[in-house]
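J.:
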Amino acid sequence: MTIDTFILTALRSPSGTSISGGEIAQKLGVTRAAVWARVRELRALGYEIEASPHEGYRLLNSPDVLLGDDLMSRLKGDPLIGRDIRVFQETTSTSDVIERLAADGVREGVVVFAESQSRGRGRLGREWISPAGKGIWFSVLLRPNLRPIEATQLTVAAATAVARAIESETRLMPQVKWPNDILLGSRKVAGILTELSAEVDRVKHLILGVGLDANFEEADFPERVRATATSLRMELGHPVDRAGLAVAMLTELERDYARIRSGRFDAIATEWEALCTTLGRQVSVRVGDRVLHGRAESLASDGALLLRTQHGHLERITGGDVSLKK
Ligand code: BTN
């Protein structure tokens, strides 16, 4: 734990509103002057920290920035996801950074955020617009003990986790379109991109990329997606706390990843089915060059979508683009 993580954790501890510099210094084994120097740095980053000679330090307000130390200080317990959090002001894609960390053998659970991405990518080779400060863009490195065919479980789990985090932080009621679009009403507010590195029968690593349009205003979206995209800010009528949402998403992902690792994907599938706008609907699914039409019947135990085609066959869909028919 860094000094900053320790200070922020102490300032946020529910047991007291203030904490003395001496107490922090003693616990960390550093001088009070060193603590004061870090507090000044945190203030320069926008943290409003009150310092009173008698009562010590008190956190009044946190800035709208994503800071690795701050996010780590807000995760409860000893989580796997987020045990190492790195934040970039700008990068091509957070998933590119994770890819390099994976190649270097970094252990699973590392999370990379970026304030902006110059080459953010979505599913099926689409561009993902990622302007500075408007959204939450992050990728997670996972090394699950799954077969490649089971990797859809993680996409489904991530969609469920992101939907739960949005609901708990904003009281909005998101829905999920298979496998990974998070909708508010009929407009997309978040997406998930799962990228896999695998051998024939074993996942080597998996990169989970999450993009949440948190504080976009309508004009921030390019014209071509304005009719189909939305943001939390547009739905609520006020900006949201990005750091709080980021922590909530990591916390929910941790919970679902634990469920997958202990073989309890069925519990996630049940939650997912309750959130899903796709099931029971007539849909068309584009898989490569093929377009299948039918009724989205249910979710298979590995996360695949079971589609009853217009010819009565049951097709397993493990990837593709679903359009809901009116
Ligand atoms: C989609 O719905 O098409 C998936 C969008 C995923 C976007 C996120 S933003 C963070 C991570 N980095 C990327 O380049 N893409 C994902």
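All residue numbers for the sequence shown refer to numbering that gives the first Met the number 0, where the first residue is 0 and numbers rise by one. Using N, Cα and C, we set each Cβ at its ideal position, and we do this for glycine too.
1. For a quick check, are the C-beta atoms of F361 and V111 less than 8 Å apart?
2. Could you give the uninterrupted runs of the beta strand (DSSP E) lying entirely in the stretch 72 to 147, keeping only those of 3 residues or more?
3. Assess, as a yes-or-no matter, whether the stretch 235 to 242 is touched by the stretch 142 to 162 under the definition of 3 or more beta carbon pairs within less than 8 Å.
4. To the nearest angstrom, how far is the alpha carbon of A218 from that of S129?
5. Could you check which residue in I6, L304, I181 and G287 has the C-alpha nearest to that of G293?
6. Between which two residues does the alpha helix (DSSP H) containing K203 stretch?
7. Does DSSP classify Q309 as helix, strand or coil?
8. Enumerate in chain order the residues of its own chain whose CB-to-CB distance from A150 is below 7 Å, with the five nearest sequence positions on each side excluded.
9. Alpha carbon to alpha carbon, how far is L278 from E272? Give it in angstroms, no decimals.
10. Beta carbon of W35: closer than 7 Å to some heavy atom of the ligand BTN?
11. What is the rounded straight-line gap between the Cα of W136 and the Cα of L249?
12. Does the ligand BTN have even one heavy atom less than 7 Å from the beta-carbon of F264?
13. I want to check one thing, is the minimum distance from the CB of L192 to the heavy atoms of the ligand BTN below 7 Å?
14. Does the CB of F137 have a neighbour CB from chain D at under 8 Å?
15. Are the stretch 153 to 169 and the stretch 114 to 121 touching by the rule of at least three beta carbon pairs closer than 8 Å?
16. Excluding the 5 residues flanking T276 on each side, which residues of the same chain have their C-beta closer than 8 Å to its C-beta?
17. For the ligand BTN, I want to know if R170 counts as a neighbour, meaning its beta carbon is within less than 7 Å of at least one of the ligand's heavy atoms.
18. Between which two residues does the beta strand (DSSP E) containing G293 stretch?
19. Run the CB neighbour count on G20, radius 10 Å, all protein chains shown included, and call it buried at 16 or more, exposed below.
20. Could you check what DSSP says for G21 in three-state terms: helix, strand or coil?
21. Cα separation between A33 and E251?
22. Which same chain residues, not among the five before or five after A50, have their C-beta less than 6 Å away from its C-beta?
23. How should D95 be labelled, buried or exposed, when 16 other C-beta atoms within 10 angstroms of its C-beta is the threshold for buried?
24. Measure the CB-CB distance between D69 and R37 and report whether it falls below 8 Å.
25. Helix or strand or just coil, what does DSSP make of L70?
26. On the three-state DSSP scale, how would you describe V34?
27. Relative to the alpha-carbon of D320, which residue among E314, S283 and H312 has its alpha-carbon at the smallest distance?
28. Could you check what DSSP says for T16 in three-state terms: helix, strand or coil?
29. Taking C-beta to C-beta, are L274 and T159 nearer than 8 Å?
30. Starting from D180, follow its DSSP beta bridges and name the residues at the other end.
31. Counting beta carbon pairs with one atom in the stretch 221 to 228 and one in the stretch 184 to 191, are three or more of them shorter than 8 Å?
32. Beta carbon of L211, beta carbon of V161: below 8 Å?
33. Near F220, what residues of its chain come up, given a Cβ to Cβ distance below 6 Å and the 5 sequence neighbours on each side ignored?
34. Can you tell me whether M0 is buried or exposed? The criterion is at least 16 other CB atoms within 10 Å of its CB, across all chains shown.
T.: Taking the definition as stated:
1. The question about residue 361 has no answer, for the chain in this structure spans 0 to 325.
2. 83 to 90, 109 to 116 and 135 to 141
3. no
4. 14 Å
5. L304
6. No alpha helix (DSSP H) holds K203; the beta strand (DSSP E) holding it covers R201 to L211.
7. coil
8. T193, L195, V202 and L205
9. 7 Å
10. no
11. 12 Å
12. no
13. yes
14. The chain labelled as chain D is not found in the depicted structure, where only one protein chain is given.
15. no
16. Q174, V175, K176, L182 and L323
17. no
18. R289 to L298
19. So G20 ends up on the buried side.
20. helix
21. 35 Å
22. Y56
23. Classification for D95: buried.
24. no
25. helix
26. helix
27. S283
28. coil
29. Cβ atoms of L274 and T159: closer than 8 Å.
30. K176
31. yes
32. Yes; because the gap between Cβ atoms is below 8 Å, this pair is in contact.
33. Closer than 6 Å at the Cβ level, and outside the excluded window around F220, lie A228.
34. exposed
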